[in-house]
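Mapping of the sequence shown onto our numbering: residues 584 to 1547, in sequence order.
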Amino acid sequence: MQPVQAEGSRNLYPSGATGFRANLEWRSTDKFGPITPVDNSLLRRTLLQVYAKAGEYILLGSSSVGVDNADISLYGSKIDRIGNETLSNLKFQCSTQRTQTLNTNQGKISSRNQELAGPDTITNSATATPGGAIANGYVPCYYQVPVGGDGIYYVAFYGGQGGNSNFDGTPTPTIDFGTNFKDPSGTSIAAWDVTVRSSLTSTTDINGRLFADYLALFTGNNGRPIESSFYIVTKDGYQYKTALNGLDPNGFVIYGNDVGYYDSDGKTPLYHDVLSTVNNALMPQLQGGTNFALPNHVIFFNNPQTSVGTNDSLFARGIPTIATLPSVSNSSFIGTAGANNSNQSTGGVFKFDTNVTGNYQIVISRDGNDFDPANLQNRVLRGTMTASGGQTVTWDGKDNNGNFFPVGTDYPVNITTHAGEYHFPLIDAENSIKGGPSFTLLNVSNPLGNNTGFYDDRGYRTLSGINVGTPGSVLCGGSPPSISHSNLVTGFNTTSTQRAFGTASGGNTNTVCSGSFGDVKGLDIWTYVPSNAVLTYLNIIPTTSYQVSPLAGQVIINEVLYNQTGITTDTNDEFIELYNASASPVDLSGVMLTDSNLIVGSSDAAGGFHYTFPSGTTLQPGKYAVIWIGNNNANHQATGAAFQAWLGQTPKLNNSGDDVWLYDNQNKIIDYIAYGAGSEVNTPPPSSLNLWDNTYQSSLAGANSGQSISLTPNGTDTNVSACWEATTSGNASTRCTNYLPTRDTDTTGSRVTSVGENNNGAIAVNAKLLLVKRITRINKQDVTDIVDGRSDVAITAANYIPEPFASDDNDVKWPTGYLRGLINAGTVKPGDELEYTIYFLSKGPNNATNVKFCDLVPNNTTFIPTAFNGLSPGDGGLPGSDQGIALAVSSSSPTFYLSNVEDGDRGRFYSANESTPSYCGTNTNGAVVVNITRSPDLSNLPPANGSGTPANSYGFVRFRARVK
């Protein structure tokens, strides 16, 4: 008999291991991480991957096999992104093979000794007869790779609840797990094994063939520290041993990537921790618009330095087997005033060459000695290089605090690149009193030290200008690290206890800032191998005079919305609209839009905004460009604009007074407007330049929430405040030569703008529809509550509605008591039935025609196609068709029941991922579509002129769904 080293849980808990055990999870729908602004969540399921060649055997077993619906499935293909994979091409199921061999021991790891021993040999494949060549070995299920089948296979281990459950179960945490072999552990598995051998009778394991993108694990409670180790191979071939060193989470995921988390722009590495916005350990939305970054390194269970199969696996994943050390050369700075000189309040461009892909870091030192990237007086620029060779990075001239660098000479700039960058996000890991995890670089020498890492547990300011915590102070939570951050230049020894946090047990409140330090947070710890540091220098010189750009009069500021309807990045709808009034295309490359006087350095600092048009941006004659200060979402769109950009920031334009400047790439003024008065109206341009007459400037303040100020006539730049007015107000009618009325073409909420369209023109086509969505029935019980949606409450409140929609249910023209139902149904469970009602009201001022409605079925629910079967009247659909949609017009009860298929009635249900009308958006879970108006029976919805009048001015669409 010969002892061997299999691959699986025995690597995480080898003989003599201390600490506790974390079970492997496979939950059907639970997921960690944000689903907005981009869905980078990770399903709580571990998808193992194994590389095998033709003729080799994949041997499989788990401690849950034989318990209820537990099983092991092997797939040949997968699609979709990491964390949300769809498996296909099922190759094998352990349960099927057990039925064929009639061997009830097959695939079952029934003791700690069997876990440590790994799979036994098999001498008779038909009956899975063990050969006894491996002492204490378990009898494996097996799959032989066919000829031509070389490649990666995907392994799913299901606990006793099977593969379609989210049930926690009650795992026993001890490593010598005893009842864990017998107790139902829900969706998790205590012991598991995936081993590759050349034959069923071989005793030689081919280690290094098993790997994963991430592990979803569950201990069942806190106070159960884990001492496991595993190995990370980065996408550029650097190999690290990672030891958890007593990390004490509950439910958690393990993975590695090269950026940690994303800043608010969704692409820049954050180098900080992230906090949930809601009291939910799964953290479905993060503060400051930050986000998870997906795994892109690979986890191995055996040391890749000594495992013979590792290179095969790395080759299959496209990962180099030899790490390339990084280097930087040919660095330079090109300023706005020529050479390495920039005018004050402007930036410039850094250029350098690199031999590798990966991340870069540029630090501009204010005092010439301190290169700390977190120093508020310095400036750090970070990003990801997707290709080697020449790199170009733009700087806006500001420091880390949002202020422009002062006039000065020879500011030193340190440029480095990172190879082998490895971040280990600690997702909802409540405690780590021994300071784990630790890193050990295995295959090259790091000039910083092979155990060196970095962390920063302080508050910070996102790129969108939102503070997460208090910048510079340790984040909230119980028992934080005694040292809030490592040295961000030289790092710290990850094998030390410097980053210890939390308590020996407990601390799991799932409430932001009330539990242990790691509770409801994503902590980051990272390491990398730096390149050589190259220095370049830049000068900031004073701008000596105001100059008018040759583009003045060609591109003009045409409309501004400063009194936004919401204060978060998602609801801030401030915008500035530009218009090309010339007869020729205009190159906007490097053109700057800001609320600061860059000539004399009079600015709003961190309270302002600054946008530079990307290289190659051209605006055609008669076209509009719109810069939104908030996020890119459905309510921040100018469909008529030729160019749009979104800054992802909270409100920056002061409602009582501010200014807007447009500069060319030489810092010459193209256009300027101001409204109101106050400290945020900066030093204006000299009157001698004839850029602005401020006679009526004060009258331009005071626009209503959601009401823009517009230039009239559209695109006619007379440079006088007399020809600006609050949109549709008529205020400029008696003071502006050639006045034309401004109009409202905006169909979002109660906004009054003509964003992306001509400020003047016919208004007859304008019509608006208010929509209010409620849950009106739960498990066959009608909900009669009347709930007032509000934006001035906590986002976790049962009546929270974001702007600009919070006031839509307050319109006096809704029928009294019509809007029954809940905004938030509270806690629901799989199998619960919910009824969704979307009320509509024709707001006017004109008839609403061609009204087409689409509502996406909420995630984690399933549309009920038979919800209204047998009810009448119908609407002309096929007799006998399932009816899952109801329509009401001028009624508190449905007036029509619609079929789900495309037939003669006004309704249709589109299944998940089926192509829908363009106005639906992305259909990932089903869509309900209703053509509310239809000739000749309902050709339009007249505008409501009173509560519930006239007829046909209001109604609702209704459908039902079951919680998954």
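Backbone N, C-alpha and C fix where the C-beta goes; we use that ideal spot for every residue, glycine too.
Within the model, the alpha-carbon separation for S598 versus S694 is close to 13 Å. DSSP, read as helix, strand or coil, puts R1545 in strand.
When C-alpha distances from D1107 are compared across N913, F875, G602 and Q1203, the shortest belongs to F875.
For the pair Q1227 and I1212, the CB atoms are not nearer than the 8 Å cut-off.
With distances taken between CA atoms, G1190 lies nearest to V1264 out of S1167, N1215, V1264 and N1141.
Going by beta carbons, Y1207 and G1184 fall outside the 8 Å limit.
Rounded to whole angstroms, the Cβ separation of L1283 and E1142 is 12 Å, and the two are not in contact under 8 Å. Shown here, E668 sits in coil according to DSSP, grouped into three states, outside any helix or strand.
Here N1076 has N1034 as same chain residues with Cβ atoms under 6 Å from its own Cβ, once five neighbours each way along the sequence are excluded. When only Cα atoms are considered, G743 and N833 end up about 20 Å apart.
When the five nearest sequence neighbours on each side are left out, the beta carbons in the same chain lying within less than 6 Å of the beta carbon of G806 are those of S1088, in order along the chain.
Annotated as proximal: I1010 and F615, with beta-carbon spacing under 8 Å. Nearest neighbour of T1152 by Cα position, chosen from T1092, N1248, I1252 and T1045, turns out to be T1045. The three-state secondary structure of Q1203, taken from DSSP, is coil. Of the residues Y838, Y1279, T1126 and P867, the one whose Cα lies closest to the Cα of L877 is Y838. Under the Cβ criterion (8 Å, minimum of three pairs), the region 1297-1316 counts as touching the region 1327-1342. Excluding its 5 nearest sequence neighbours in each direction, G746 has C-beta neighbours in its own chain below 7 Å: W609, S611 and A739, listed in chain order. Around the beta-carbon of S1536, 16 or more other beta-carbon atoms lie within 10 Å, marking it buried. Proximity of the region 814-821 to the region 846-853 falls short of the contact definition, fewer than three beta-carbon pairs being nearer than 8 Å.
T851 is not a Cβ neighbour of G769, given a cutoff of 8 Å. Rounded to whole angstroms, R1357 and I1421 show a C-alpha spacing of 6 Å. In this structure, I1150 and V1243 do not form a Cβ contact; the two beta carbons are roughly 20 Å apart against a cut-off of 8 Å. Restricting attention to R628, G1261 and L1272, the CA atom closest to the CA of S1281 is found in G1261. Per the coordinates, the alpha-carbon of V1209 lies some 7 Å from the alpha-carbon of A1221.
Within the model, the alpha-carbon separation for I705 versus L783 is close to 5 Å. In this structure N1115 is exposed. Its beta-carbon is surrounded by fewer than 16 other beta-carbon atoms within 10 angstroms.
Beta-carbon to beta-carbon, Q888 and L1025 are separated by about 5 Å, close enough to satisfy the 8 Å threshold.
Residue burial is scored here from C-beta neighbours: T860 has at least 16 other C-beta atoms within 10 angstroms and is therefore classed as buried.
Pairwise C-beta distances place the region 925-944 in contact with the region 970-989, as three or more of them are shorter than 8 Å. Taking a 10 Å sphere around the C-beta of A1380, we find fewer than 16 other C-beta atoms and assign the residue as exposed. Ranking N1302, I618 and T1445 by CA distance to the CA of P867 puts I618 first. Between the C-alpha atoms of Y725 and G791 there is a straight-line separation of about 18 Å.
Classified as exposed, L1118 has fewer than 16 neighbouring CB atoms from the shown chains inside 10 Å of its CB. The beta-bridge partner set that DSSP reports for Q1227 consists of V1209.
Within 10 angstroms of the beta-carbon of Q1466 lie 16 or more other beta-carbons, which makes it buried.
Looking from the CA of D1520, the closest CA among K1363, D1458, N1506 and G1048 belongs to D1458.
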